[in-house]
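Data block below; observations after.
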Ligand code: ATP
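In structure tokens form, the structure reads like this:
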């Protein structure tokens with residue numbers, strides 16, 4: 097499929113099958129904001145769950161956190177966001193559209209009206225959303241919606257380290273919403289003003305930063321492949337020295353081959369002791385770690401793998417999207433990893449029928465405590481298979497007239513379309529085993 101069509105196909109599928117809707121659609125939509133529908137919310141939850149499982153559950157050096165979105169404004173002074181979290185903004189003098197100066201085409205032509213070389217001087221535009229806390233809208237009540245979850249972790253470093261009795265190297269992981277007043281959002285859910293991040297700050301003794309930076313670059317690259325993105329669609333791109341953020345001693349992006357080209361999926365940064373040093377300075381708190389073995393205090397260095405839940409979800413969708421042909425008919429199928437699939441199984445009575453429906457409903461009720469399932473008895477069985485293929489459901493369980501005699505169902509697998517006859521009492525164990533195998 098042509099690359100440009102791939103995004104359209106996924107956007108259309110997302111709308112048609114309840115994955116992602118344009119936000120506020122009945123009012124004509126709202127500036128590149130998107131809502132996850134009933135199927136999309138399941139997919140995105142599975143992506144976040146997969147991240148949490150790898151980063152927290154399976155490790156003995158990690159704990160979780162859920163910090164508030166609104167924080168003391170001083171946090172953003174200390175972190176450098178008030179002074180430097182800016183993008184260079186230019187206006188086209190001809191059509192008045194606004195662009196990021198660093199994203200203009202080399203031709204110098206306006207991407208909107210085509211006028212050449214008619215941009216204003218670049219001015220720095222701060223990306224943080226400002227609001228007021230409490231009833232009075234004055235300078236003293238200004239607060240910001242967090243532009244990253246990381247700072248919630250840094251300001252809790254001492255709380256977490258002491259209550260959980262942790263010794264570097266250890267990490268704190270967090271998933272949550274962040275907000276950036278992006279100048280040019282776009283490419284579906286790739287760049288939005290409200291998005292969800294999956295970030296982890298890994299605190300290490302000074303001198304071990306480089307080693308752990310390498311480690312996390314490899315780990316995070318591997319994670320995307322483990323969950324089904326082919327290596328050929330991924331690359332690790334180290335930042336050039338002039339590209340580095342003010343706090344970073346080294347950054348590499350895990351990039352994905354989006355239909356419009358390579359783009360960031362996740363950034364891994366060696367933030368050194370910058371953040372804890374800044375917060376110690378601005379808060380007056382001692383944020384050093386006391387190392388009993390050496391009897392010394394030190395400020396831990398930090399390695400940060402910062403991923404986006406929305407970008408990851410989009411990448412998994414794009415990588416999974418496929419079209420093949422079944423008996424002369426085009427079939428759209430999401431070849432999602434089974435762990436990410438919104439529904440693990442769908443229960444489908446062969447037809448809507450007073451004999452089949454009660455048995456099919458009983459099968460669904462039996463499966464529900466174990467798996468997220470769908471139940472569908474509308475339209476022909478062929479159409480229902482297609483609908484499940486389109487959202488990546490690994491198994492379709494069909495209840496037919498024989499089921500009433502042999503107490504068994506037909507299980508059809510998404511990718512091979514092979515069918516097995518399985519006794520209903522064995523179905524939970526059967527699905528569990530097949531869902532666990534790759
Ligand atoms: P970009 O260069 O694409 O603007 P960034 O380098 O500013 O991204 P980070 O600050 O490293 O992004 O944020 C970490 C992750 O958060 C990104 O890799 C991405 O997955 C996600 N993210 C950042 N900004 C957005 C956004 N506007 N919309 C959706 N996801 C985002």
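Numbering (the numbering used here), first residue to last: 97 to 534.
All residues carry an ideal CB built from backbone N, CA and C; glycine is no exception.
Is the beta carbon of residue i sitting closer than 8 Å to the one on residue j?
i: residue 362; j: residue 246; result: no
i: residue 492; j: residue 444; result: yes
i: residue 325; j: residue 161; result: no
i: residue 257; j: residue 272; result: no
i: residue 398; j: residue 317; result: no
i: residue 165; j: residue 287; result: no
i: residue 233; j: residue 265; result: no
i: residue 249; j: residue 163; result: yes
i: residue 409; j: residue 103; result: no
i: residue 228; j: residue 214; result: no
i: residue 406; j: residue 279; result: no
i: residue 473; j: residue 448; result: yes
i: residue 354; j: residue 414; result: yes
i: residue 211; j: residue 191; result: yes
i: residue 394; j: residue 302; result: yes
i: residue 253; j: residue 372; result: yes
i: residue 488; j: residue 527; result: no
i: residue 113; j: residue 135; result: yes
i: residue 446; j: residue 494; result: yes
i: residue 523; j: residue 463; result: yes
i: residue 350; j: residue 370; result: no
i: residue 244; j: residue 297; result: no
i: residue 368; j: residue 402; result: no
i: residue 328; j: residue 365; result: no
Per DSSP, which one or two residues make a beta bridge with residue i?
i: residue 293; result: 272, 404
i: residue 385; result: 394
i: residue 415; result: Its beta-bridge partners do not exist; DSSP assigns none.
i: residue 364; result: 348, 401
i: residue 216; result: Answer by DSSP bridge pairing: none, since residue 216 is not bridged.
i: residue 152; result: Its beta-bridge partners do not exist; DSSP assigns none.
i: residue 359; result: 352
i: residue 158; result: 267
i: residue 492; result: 442, 508
i: residue 253; result: DSSP output for residue 253 lists no bridge partner at all.
i: residue 299; result: 266, 398
i: residue 420; result: 427
i: residue 239; result: 227
Just to confirm, does residue i get its C-beta within under 7 Å of one of the non-hydrogen atoms of the ligand ATP?
i: residue 361; result: yes
i: residue 262; result: no
i: residue 110; result: no
i: residue 291; result: yes
i: residue 404; result: yes
i: residue 509; result: no
i: residue 407; result: yes
i: residue 381; result: no
i: residue 427; result: no
i: residue 288; result: yes
i: residue 244; result: yes
Going by DSSP, what residue range makes up the beta strand (DSSP E) through residue i?
i: residue 331; result: 330 to 334
i: residue 528; result: Careful: residue 528 lies outside any beta strand (DSSP E), inside the alpha helix (DSSP H) at 523 to 532.
i: residue 183; result: 182 to 187
i: residue 448; result: No beta strand (DSSP E) holds residue 448; DSSP gives it neither H nor E.
i: residue 165; result: Neither: residue 165 is in no beta strand (DSSP E) and is coded neither H nor E.
i: residue 428; result: 425 to 430
i: residue 130; result: 130 to 132
i: residue 515; result: 515 to 519
i: residue 245; result: Where residue 245 is concerned, there is no enclosing beta strand (DSSP E), given that its DSSP letter is neither H nor E.
i: residue 467; result: Looking at the DSSP string, residue 467 is not in any beta strand (DSSP E), and its letter there is neither H nor E.
i: residue 117; result: 116 to 118
i: residue 126; result: No beta strand (DSSP E) holds residue 126; DSSP gives it neither H nor E.
i: residue 195; result: 194 to 196
Along the chain, where does the alpha helix (DSSP H) containing residue i start, and where does it finish?
i: residue 459; result: 452 to 463
i: residue 504; result: Residue 504 -> not in any alpha helix (DSSP H); beta strand (DSSP E) instead, spanning 504 to 509.
i: residue 477; result: 477 to 486
i: residue 472; result: That residue, residue 472, is in no alpha helix (DSSP H); it is neither H nor E in DSSP.
i: residue 226; result: Here residue 226 belongs to no alpha helix (DSSP H); instead the beta strand (DSSP E) covers 226 to 228.
i: residue 309; result: 305 to 322
i: residue 379; result: 370 to 379
Can we count residue i as close to the ligand ADP, meaning its CB is less than 7 Å from some heavy atom?
i: residue 278; result: Ligands in the displayed structure: the ligand ATP; the ligand ADP is not one of them.
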